[in-house]
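Shown next, in structure tokens, is the structure this report addresses.
Residue numbers (the UniProt record's numbering): 1 to 163.
Printed below as a string of structure tokens:
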């Protein structure tokens, strides 16, 4: 009899934890971009096209993009970023740490960005002991894969190259 009670209790706790995860992700049907804003981040640190996300009560999250490949674009004219199909980490107000699935190309190497911090109107992206900071206003809009924040200029460059 005691074994049955423990089993029922375990099943109940598992179901409750799963429900909490689902309800956190569906909290008011907020998009991943709106959830970023609740954590004091601009929506533009995520590229367009988020398919779905999971946000757990402890702040850990997963964000999924469609397709098999990743998404690449430039930031600040010199940094090439790559977002994998799945990114994950833990969010707190003004801080994302334990980030996985986002990398920056430095010379010939792709290095994982493991932390993003907001300090006033600046965002700092950390790769180990190194960091690069950018004004918050650069991330007001979500970038598009391949052309980033300035798709009009990229389209113009492509048109010039084709002629």
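Backbone N, C-alpha and C fix where the C-beta goes; we use that ideal spot for every residue, glycine too.
Fair warning: this is a prediction, and the values are worked out from it, not measured in the lab.
Item, Value
"C-alpha distance - residue 85 paired with residue 145, whole-angstrom precision", "12 Å"
"Beta-bridge pairing of residue 176 - partner residues as DSSP gives them", "The chain is shown only over 1 to 163; residue 176 falls outside these bounds and no answer can be derived."
"Same chain only: Cβ atoms within 6 Å of residue 161, ignoring 5 sequence neighbours per side", "Because the pLDDT of residue 161 is 46, which lies under 50, any placement of that residue in the model is unreliable, and the question is left without a value."
"For residue 39, the three-state DSSP class (helix, strand or coil)", "coil"
"Helix, strand or coil at residue 134 [DSSP, three-state]", "strand"
"For residue 44, three-class secondary structure by DSSP", "helix"
"DSSP-derived helix/strand/coil call for residue 125", "strand"
"Proximity below 9 Å, CB of residue 57 to CB of residue 73", "no"
"Best match in 66, 106, 121, 59 for proximity to residue 91 [C-alpha to C-alpha]", "59"
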